[in-house]
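One structure below.
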Amino acid sequence: MNLRRLVAVIAAVGALALVGPAQAETTLRVVMHSDLKIVDPIWTTAYIVRSHGYLNYDTLFSMDAKGDIKPQMVDKYEVSKDQLTYTMTLRDGLAWHDGRPVTAEDCVASIKRWAAKDSMGQKMMGFVKELSVVNAKTFKIVLNEPTGLVLGALGKPSSNVPFMMPRRVAETDPNTQISDTTGSGPFIFRKDEWKPGDKAVYVKNPNYKPRAEAPSGLAGGKVAKVDRVEWKHIPDHQTAINALLAGEVDMLESPPHDLYPVLKADANVWLFSPNPLGNQYTFRFNVLHKPFDNPKIRQAVFHAFNQEDFLKGVIGDPAYYKTCKSFFPCGSPMASTKALEGLLDSNFEKSKALLKEAGYDGTPVLLMHSTDLAVLNNLAPVAKSLLEKGGFKVDMHSMDWQTLVARRAKKDPPTAGGWNAFLTSWVAADILNPVMMGFLNASCDKAMFGWPCDRDIEGLRDAFARETNPAKQKHIAEQVQVRATQYPTHIPLGQWYGAFALRKNVEGVLEAPVTLFWNITKK
Amino acid sequence: MLPYIGRRLLATLPVMTVVAVVVFLLLRLTTGDPAAIIAGDNATSQDVAAIRSKLGLDRPIVQQFGIWIGSVLRGDLGESFFFKKQVSELIAERVEPTLALATCTLLLAVTLAVPLGVLAAWRRGTWIDRAVMGLSVLGFSVPVFVIGYVLIYLVAIQLGWLPVQGYQRLADGFAGFIQRLILPSIALAIIYVALIARITRTSVLEVLNADHVRTARAKGLGDLTVLFRHVLRNAAVPIVTVIGLGVALLIGGVVVTESVFSIPGLGRLTVDAVLARDYPTVQAVILLFSVVYVLINLVVDLSYTFLDPRIRY
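Line by line, the protein sequences give chains A and Y.
Residues in the first sequence are numbered consecutively from 7, following this note's numbering.
Residues in the second sequence are numbered consecutively from 154, following this note's numbering.
Structure follows, in structure tokens:
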């Protein structure tokens, strides 16, 4: 190489160095709590699909950090003076991922498909006389009678969320999975890169028009600040944590509580509790069979249990749990201790006295014990111990969660493959009021597994749905709670909180009852 | 030879039929309901029933079996309950990682185990023999997942030499491909090395005491010539047999290793499908594993004729 050529090469390299590297694409690599196998958030209530929905789709309304329902795709809405007509107009510039404009027709079709599947949607549609298109951007909902449900249902934060889809997609039979994943959300699902069991990929939607307001909970401006979100499926918790520590992934959605110390010990990792309301542990009765067909025997369980034992047994660290003697999550508008004072104190003598009064004949409680989910595993053994101290006989059957899910749908007697009780956990956002709370549905055969059957509870739930005044709604919710201690459908066992584990270079994670990916930056 | 191969291939049909019936029945007898899993936690009994009907799970078992086996005979493995994809498509996506992992493991195991076994036999009773046999016992005794976690902690977390998890397709670059295969292959190969090394040692020891080896030595042939020309070839049949039989071990190991190292292969697909009660996928993958196992053992049987001229079919 002669001198002139050498100088030219050095100059070229120097120039490149001055220009600097091209702007790199930022990819947020996340290990979610589960693999994405289904992509229709209306067809299934699975939380992983709900999170997929929030990336790919948008909603008409959203719940903000204070629990208020705010417009999201809707620009403005009007409620007639008689509170029977809601007229909603969409924001300017809303477009599907294929570039076509979002229309009122799309939204009407989406609401109909969602309402066919969702219990709150069904309740709302019971009040709807007409759901019709006014013009390309406006539609109206005309009611038979006033209800406070409309905005709450359309801004429902958790499964099933009323996500908006193009009309051609929304007209799919609600019991058939959609295959066209076109949405209008801040990210676009890359179906071509989706490998179930391995990864799901979302890229920033360059044409998304976020609201001007700052993000708050699920509401406000949804600004995508990373170019790409990759959900990596790592089913083994230890491997996922190792991947985070090694910097191969940026975020774990739900590391197990017993491994928090390992994460806290690493200088490059931080923990963030995203959901201020957390989750609620619940003991569910099957009222079809002895001994829990007798409400008085179910009341005895309220005396045998205490929440602290359950929370200590599973979560351990008091920083991540709190007792909450309320059916509705503490910190939410409907929370109240009414009728629960004096209960859940493990008063075994009182429990035994009630059992004697009820004529309990020693029929064993068939308690289903889920063994494969860390957040549920220790609940049933604690329940068994407390029930036995309270005078019950207990026959605990251990099984994996999927077996439990299948078995709980069976109405057969416990001796023929049925059950008496099991324990589970609810995301607080799913149980904010008596209509949302599935376990309070006491409509007999139409109720969720456990099939409680009580006219009083159903009457109060209907009254709640009709009421539009928040103070009166709260009063009704308290009445529901009183009734649910006389005719127990389930028992709340306290609140617990999880944490995201994140690399230190990940910031902007929002507090919300659902894992959100807008506003997150990666430096 | 060809008639023998034909007969062996025909003999796989009843084996496959038995596997198909057993797998189908076992899955139906297992507790759990795919419809309830698909519907999600907040679903009502009506939702679950609607999905069960959609999947055809409300039909009699005999009818379900008839529909499935008919499809399989037409080359259609069905559609996954969960992924809304053809099972054949799912398997095709997952074959490469599993094949790569199995091949690397086999290469690593054979490359290490055969020389170690020969060395142990050649130096019988010395510290080398005892060390090889001691390590073999250790290799047998420690579960694959423990080896996996220890390797991840030492090599990936502490030293940062290799990635913790994942898989990169060969088409996306050889360096990334091989980097991600080293740790899982080592973890999976250890038990295989232990097995092959022990069998190699025993087999070589047996041949070393044979008359023809004594004759070769008496003729004044060098140690290496005796070893390679007269010992190894005659000791090969049991070694090849154990490699073939070990494929079952490999299949089981692949399931665990792919989970620990988060490799999206057939092993992980099997675990995910079993946990989700995805009947069509489990049935197809197990049938595939059975076919592979039967065919590998056929290849092993055929290889005897090349290794030992006295064997003829």
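The beta-carbon is built from N, C-alpha and C at its ideal position, and this holds for glycine as well.
In this structure, what does DSSP give as the bridge partners for residue i?
i                 : result
Trp-502 (chain A) : A:Asn-285 and A:Tyr-327
Leu-277 (chain A) : A:Ala-507
Pro-202 (chain A) : According to DSSP, Pro-202 (chain A) bridges with nothing at all.
Arg-69 (chain A)  : Reading off the sequence, residue 69 (chain A) comes out as Met, not Arg. Paired residues: A:Ile-75.
Ser-449 (chain A) : A:Cys-459
His-496 (chain A) : A:Arg-290
Glu-513 (chain A) : A:Thr-527
Who are the near neighbours of residue i in its chain, counting only those whose CB is closer than 7 angstroms to its CB and skipping five residues on each side?
i                 : result
Asn-450 (chain Y) : Gly-397
Pro-316 (chain Y) : Ala-309, Gln-332 and Arg-333
Asn-213 (chain A) : Ala-101
Phe-278 (chain A) : Ala-505, Phe-506, Leu-508 and Val-515
Val-156 (chain A) : Tyr-92, Met-130 and Ile-147
Lys-270 (chain A) : Leu-277
Gln-217 (chain Y) : Gly-209
Pro-370 (chain A) : Lys-399, Val-400 and Asp-401
Val-395 (chain Y) : Leu-348, Ile-349 and Ile-352
Ala-192 (chain Y) : Asp-200, Val-201 and Ile-204
Lys-162 (chain A) : Met-126 and Pro-168
Along the chain, where does the beta strand (DSSP E) that runs through residue i open and close?
i                 : result
Met-402 (chain A) : 400–405
Asn-141 (chain A) : 134–141
Arg-35 (chain A)  : 33–37
Asp-41 (chain A)  : Careful: Asp-41 (chain A) lies outside any beta strand (DSSP E) and carries neither H nor E.
Leu-522 (chain A) : Where Leu-522 (chain A) is concerned, there is no enclosing beta strand (DSSP E), given that its DSSP letter is neither H nor E.
Lys-82 (chain A)  : 80–85
Ala-427 (chain A) : 427–433
For the alpha helix (DSSP H) containing residue i, list its first residue and its last residue.
i                 : result
Val-55 (chain A)  : 53–62
Arg-234 (chain A) : Segment 234–238 is the beta strand (DSSP E) holding Arg-234 (chain A); no alpha helix (DSSP H) there.
Ile-147 (chain A) : Here Ile-147 (chain A) belongs to no alpha helix (DSSP H); instead the beta strand (DSSP E) covers 144–149.
Thr-170 (chain Y) : 155–182
Glu-111 (chain A) : 110–123
Thr-532 (chain A) : Only positions 7 to 529 of chain A appear in the structure, and residue 532 (chain A) is not among them; the question remains open.
Ser-294 (chain Y) : 280–294
Asp-454 (chain Y) : 432–460
Tyr-480 (chain Y) : No information on residue 480 (chain Y) is available, as it lies outside the stretch 154 to 466 that chain Y covers here.
Arg-304 (chain A) : 301–310
By Cβ distance below 6 angstroms, which residues in the same chain neighbour residue i in space, the five residues on each side in sequence not counted?
i                 : result
Trp-407 (chain A) : Ser-376, Asp-378 and Leu-379
Asn-248 (chain A) : none
Glu-411 (chain Y) : Gly-418, Gly-420 and Arg-421
Asn-281 (chain A) : Pro-519
Thr-527 (chain A) : Lys-231, Glu-513 and Gly-514
Lys-529 (chain A) : Asn-511
So, for residue i: in the same chain, excluding its five sequence neighbours on each side, which residues have a beta-carbon less than 8 angstroms away from its beta-carbon?
i                 : result
Asp-433 (chain Y) : The residue asked about is misnamed: residue 433 (chain Y) is Pro in this sequence, not Asp. These residues qualify, in order along the chain: Trp-221, Leu-230, Gly-231, Glu-232, Ser-233, Phe-234 and Val-240.
Pro-156 (chain Y) : none
Thr-144 (chain A) : Thr-93, Met-94, Thr-95, Leu-96 and Ala-110
Val-290 (chain Y) : Ala-347
Thr-343 (chain A) : Lys-331 and Ser-332
Asn-274 (chain A) : Leu-251, Gly-253, Arg-509 and Lys-510
Leu-323 (chain Y) : Glu-249, Ala-253 and Phe-330
Pro-27 (chain A)  : Note on Pro-27 (chain A): pLDDT 45, under 50, position unreliable in the model; no value is reported.
Gly-20 (chain A)  : Reliability of the predicted coordinates at Gly-20 (chain A) is poor, the pLDDT of 46 falling under 50, and the value obtained from them is presented with this limitation in mind. So the list is empty, once near-sequence residues are dropped.
Val-488 (chain A) : Lys-344 and Ala-345
Lys-416 (chain A) : Gly-423, Gly-424 and Trp-425
Ser-456 (chain Y) : Val-393
May I ask you to list, following chain order, the residues of the segment 190–201 of chain A that have a beta carbon less than 7 angstroms from some beta carbon of chain Y? Lys-201
Residue ranges of each alpha helix (DSSP H) within the segment 199–255 of chain Y, 4 or longer: 214–226
Within the segment 161–193 of chain A, ranges of the alpha helix (DSSP H) (whole runs, at least 4 residues): 173–176
Just to confirm the assignment: which complete beta strand (DSSP E) runs, minimum length 3, are found wholly within the segment 347–401 of chain A? 371–376
At a Cβ cut of 7 angstroms, what residues of the segment 213–242 of chain A count as close to chain Y, listed as they run along the chain? Ile-240, Pro-241 and Asp-242
Can you list, in chain order, the residues of the segment 416–430 of chain Y whose Cβ is nearer than 8 angstroms to any Cβ on chain A? Pro-417, Arg-421, Leu-422, Val-424, Asp-425, Leu-428, Ala-429 and Arg-430
Counting only runs of 4+ residues fully inside the segment 205–277 of chain A, write out the alpha helix (DSSP H) ranges in chain order. 243–251 and 266–270
Which residues, in chain order, does the segment 467–494 of chain A contribute to contact with chain Y at a C-beta distance below 8 angstroms? none
Hey, which unbroken runs of the alpha helix (DSSP H) at 4 residues or more fall wholly within the segment 333–393 of chain Y? 364–371
Taking only beta carbons into account, state which residues of the segment 159–181 of chain A come closer than 7 angstroms to chain Y, listed in chain order. Ser-165 and Asn-181
Compile a chain-ordered list of the residues in the segment 164–191 of chain Y whose CB is closer than 7 angstroms to at least one CB of chain A. Thr-184, Gly-185, Asp-186, Ala-189, Ile-190 and Ile-191
According to a CB-to-CB cut-off of less than 8 angstroms, which residues of the segment 251–278 of chain A neighbour chain Y? Leu-251, Ala-252 and Glu-254
Against chain A, which members of the segment 317–328 of chain Y pass a CB distance test of less than 9 angstroms? Val-317, Gln-318, Gly-319 and Tyr-320
Closer than 8 angstroms between beta carbons: that is the criterion. Which residues of the segment 441–466 of chain Y meet it against chain A? none
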